[in-house]
Every structure is written in structure tokens, then in C-alpha cells.
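J.: Per the numbering used here, the sequence shown runs over residues 1 to 292.
Take a look at the following structure, please.
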Amino acid sequence: MKIGIAGTGRMGAAVAGRLLSQGHEVMVWNRTREKTSGLAAAGAAVAATASELASRCEIVITLLTDAAAIDAMYHGAAGLLAGDVSGKLFIDMSTVRPETEVALAAKVRAKGAAFVECPVGGTVGPAKEGRLLGFAGGEADDVARARSVLDQLCRRVEHVGAVRAGASMKLAINLPLLVYWQALAEALSLCAPLGLDPVRLMDILADTSGAPNMLKVRGASIAATLQGKETSPVTVDIDTVRKDLRTMVEEAGARSRTLPLTARALECFDEAVKDGWGARDVTMLPMRWLGK
Ligand SMILES: NC(=O)c1ccc[n+]([C@@H]2O[C@H](COP(=O)([O-])OP(=O)(O)OC[C@H]3O[C@@H](n4cnc5c(N)ncnc54)[C@H](OP(=O)(O)O)[C@@H]3O)[C@@H](O)[C@H]2O)c1
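Below, the structure written as C-alpha cells:
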């Protein structure tokens with residue numbers, strides 16, 4: 001069975017690499033072709049267009065920035081849905097609003113194909129190791145079909161309801177984590193005058209009830225940035241965190257809810273992006289807050 005990955009950014013490339021490592025026949029397409037070269041060297045075929053990828057693969061996975069990217073990838077003149085795709089299965093793993101997935105599902109189904117949304121928790125490392133946390137939304141039969149692939153990408157796949165449920169859950173699980181980045185920056189500003197070694201400081205913070213699992217995993221990288229050392233390659237950039245926070249606030253607004261804490265965190269990320277920090281890894285956010 002050939003699996004297509006459309007969108008080989010950080011996450012898409014990690015997912016494609018994982019599927020190659022599991023022995024799958026993988027085909028990729030990316031708007032910026034250079035980002036497929038590492039995967040081609042690892043054995044992936046590279047399609048000339050998204051439409052060709054969809055015509056030659058049984059299952060197509062997309063991992064894209066936002067709703068505009070989904071629009072371009074699926075509905076462009078040479079997009080995923082341009083040709084005959086009846087009987088194929090599309091799995092979108094992007095983090096977007098539930099309405100985006102609902103609209104996409106309708107367009108995919110109108111072409112005679114099946115659709116499952118499965119946004120994921122976890123970043124590039126877990127994607128490479130098949131240890132993501134997936135939130136599937138879709139018809140039971142389609143989700144069962146998607147599991148043949150999802151189970152190799154995720155340590156746990158929760159089928160949480162129809163299309164829209166997965167996107168809702170993903171926004172929900174990301175909310176405390178993303179707000180935490182700003183909370184961490186503020187907490188560090190209180191300890192700054194103590195002059196403690198950043199490695200020790202992160203070790204103490206990670207050993208408390210207020211610490212998310214992320215701090216245990218990424219504490220060393222945060223300490224390194226606080227020491228002014230080189231950081232590891234970007235896995236989640238500040239632009240992406242800001243996009244997710246904005247998506248949460250928009251989604252809440254559409255449901256007549258407010259998210260005051262999230263909205264304020266979004267303003268802090270807006271300021272970081274305005275200051276030119278958007279392409280940096282989110283582990284750098286405390287540095288900016290501390291004025292380093
Ligand atoms: N990074 C993470 O840790 C993480 C974790 C969980 C979920 N996610 C979610 O996964 C998705 C991808 O994130 P990422 O970190 O992999 O981002 P990324 O590295 O910036 O990749 C984004 C991908 O979307 C494509 N894209 C954007 N606009 C497009 C357009 N108009 N037409 C066609 N393709 C377009 C990009 O193509 P180009 O290369 O041509 O720009 C690239 O393949 C996002 O929804 C993000 O929220 C990320």
C-alpha cells in the first residue's frame with residue numbers, strides 16, 4: 001500500500017520518515033521542493049504535483065500550517081482533489097479549527113473518498129519514534145481503516161467522535177501547554193535576581209507539581225538557551241504557537257465563550273512575533289521575556 005504525505009515541513013517530514021522506517025512505500029509532495037530531498041534520499045518517491053500524489057497513493061496524509069494551506073493543497077488546480085480520488089482515504093493531521101475539518105471532509109467525500117481528521121499531540125521527536133497522541137474524528141469504518149497507519153505514528157489514538165471532535169480535542173490539549181510557555185517565562189523572571197545556574201533552576205522547576213511533562217523533556221534545552229548556548233534545531237516555532245493560540249481564541253469566540261488567559265498569552269506571542277522572534281523555537285520565549 002502506497003502512502004502519500006503532502007506537506008513535508010517539520011512534522012510532515014518526521015511522519016514520512018517514520019513510515020519509511022516501518023517499511024512502507026512512501027510518496028511525498030511539498031510546495032517547496034527542496035524539503036523533500038532528505039526523504040527522497042531515504043527512499044521516498046517525489047510526486048510532481050499534489051494531484052499526482054493523490055492519484056498514485058491509497059492513503060494521503062496532510063500536515064499543513066493552517067486553513068489557507070489546506071485550501072491550497074486540496075483545492076488548487078493541481079491540488080489533491082483535482083483528479084479522480086474515489087475510494088482513497090485522506091487523513092488531515094494539521095492543527096486547525098473544527099469547522100475547517102468539517103468543510104474539508106465534505107469536499108473530500110463529495111469526490112467519493114473517505115476522510116479522517118487526526119491532529120496530534122507531540123512534536124518532531126515523538127513523530128519520528130511513532131509516539132504521538134492522536135485525536136481521530138470521523139466515521140467508525142474510516143477511522144478503523146486509518147488505524148493501519150495511525151497506529152504506527154501514535155502511541156495512542158483516541159477516536160473522539162465525528163469530524164470536528166479531533167480538532168476540538170487537539171485545541172483543548174494544547175491550550176494549557178501553550179499558556180504554560182508564557183507562565184514559565186514569567187516564573188523565571190521572578191527568579192532572575194537569584195542568579196541560579198539555569199540547569200539547576202530547570203531541574204527544580206521540573207520537580208514540582210506545576211511542571212508539565214514538557215519541562216522534563218525540554219528543560220535541558222531551555223536551560224541551554226538561558227545560558228546563551230546554541231539551541232537544537234527548531235521543532236515548534238513561536239509562529240506556530242501563536243497560530244494555535246489564535247485558533248483557540250477564534251474557536252471559543254465562535255462558541256460564545258471567552259478564554260481570557262489564552263487571549264492574554266496570545267498578545268504576548270503577538271509581541272514576540274512583532275519583535276522578529278517568530279521563526280525561533282518556542283524554548284527561546286523565556287529568553288525574550290527576560291530581555292536576554
Ligand atoms: N511542530 C510541531 O511540533 C507540531 C506538533 C503537532 C502539530 N503541529 C501542527 O502540524 C502542522 C504543521 O506544523 P510544522 O511544525 O510541520 O510546520 P512547518 O514546518 O512550517 O510545515 C508547514 C507545512 O505546510 C506547508 N504549507 C504552508 N502553506 C502552504 C500553502 N499555502 N500551500 C501548500 N503548502 C503549504 C509548508 O510547505 P512549504 O515547505 O512550502 O512552506 C509545509 O510543508 C501545523 O498545523 C502545526 O500546528 C506541529
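All C-beta atoms in this analysis are idealised placements derived from N, C-alpha and C, irrespective of residue type, glycine included.
With distances taken Cα to Cα, identify the nearest neighbour of Val282 among Leu132, Arg218 and Gly291.
T.: Looking at the Cα atoms, Arg218 is the closest of the given residues.
J.: Would you kindly work out how many angstroms separate the C-alpha atoms of Cys118 and Lys170, rounded to a whole number?
T.: The alpha-carbon atoms of Cys118 and Lys170 are separated by roughly 9 Å.
J.: On a CA-only basis, which of Ala172, Leu39 and Ala144 is nearest Arg246? Give me that one, please.
T.: With distances taken between Cα atoms, Arg246 lies closest to Ala172.
J.: If you draw a straight line from the C-alpha of Gly87 to the C-alpha of Pro260, how long is it?
T.: The alpha-carbon atoms of Gly87 and Pro260 are separated by roughly 44 Å.
J.: Quick check: what's the CA-CA separation for Thr8 versus Tyr74?
T.: Roughly 15 Å separates the two Cα atoms.
J.: Helix, strand or coil, according to DSSP, for Gly161 in the structure here?
T.: In this structure, Gly161 counts as strand in the three-state DSSP scheme.
J.: In three-state DSSP terms, what is Asp85?
T.: Residue identity differs from the one stated: residue 85 is Val in this sequence, not Asp. Looking at Val85 - three-state DSSP - the assignment turns out to be coil, as it is neither helix nor strand.
J.: Assuming Lys107 is part of the alpha helix (DSSP H), what are its boundary residues?
T.: Its alpha helix (DSSP H) spans residues Pro98 to Ala110.
J.: Which residues neighbour ligand 1 when neighbourhood means a C-beta less than 6 Å away from any of its non-hydrogen atoms? List them by chain order.
T.: Selection output, chain order preserved: Gly7, Thr8, Gly9, Arg10, Met11, Gly12, Asn30, Arg31, Thr32, Lys35, Leu63, Leu64, Thr65, Ala68, Ala69, Ala72, Met73, Ser94, Thr95, Val120, Thr123, Val124, Thr235, Val236, Thr240 and Asp244.
J.: For Trp29, which of helix, strand or coil comes out of DSSP?
T.: Here Trp29 sits in strand by DSSP.
J.: Cα separation between Thr62 and Ala6?
T.: About 5 Å.
J.: So which of Met202, Asp239 and Asp207 has the shortest CA-CA distance to Thr225?
T.: Measuring from the Cα of Thr225, the nearest candidate turns out to be Met202.
J.: Under 8 Å Cβ to Cβ from Ala365, same chain only, skipping five residues before and after it: list those, please.
T.: The displayed coordinates of the chain run from 1 to 292. Any statement about residue 365 would go beyond what the structure contains.
J.: In angstroms with no decimal places, state the Cα-to-Cα distance between Ala54 and Gly79.
T.: Computed Cα separation, rounded: 9 Å.
J.: Where do the ends of the beta strand (DSSP E) carrying Val60 lie?
T.: From DSSP, the beta strand (DSSP E) with Val60 extends over Ile59 to Thr62.
J.: Identify the continuous beta strand (DSSP E) that holds Lys2 and give its terminal residues.
T.: Element bounds for Lys2: Lys2 to Ala6.
J.: Which partner residues of Arg156 appear in the DSSP bridge assignment?
T.: Its beta-bridge partners are Leu133.
J.: So which of Gly278, Ala279 and Ala272 has the shortest CA-CA distance to Gly291?
T.: Among Gly278, Ala279 and Ala272, the Cα nearest to that of Gly291 is on Ala272.
J.: Phe269 CB to nearest chain B CB: under 9 Å?
T.: In summary, chain B is missing from the structure at hand, where a single protein chain is found.
J.: Figure out for me which residue from Ala44, Leu150 and Arg18 has the closest Cα to the Cα of Asn30.
T.: Residue Ala44 is the option with its Cα nearest to Asn30.
J.: Along the chain, where does the alpha helix (DSSP H) that runs through Glu250 open and close?
T.: Counting along the chain, the alpha helix (DSSP H) containing Glu250 begins and ends at Ile238 to Ala254.
J.: Do Met248 and Leu184 have their C-beta atoms within less than 9 Å of each other?
T.: In this structure, Leu184 does not lie closer than 9 Å to Met248 by Cβ.
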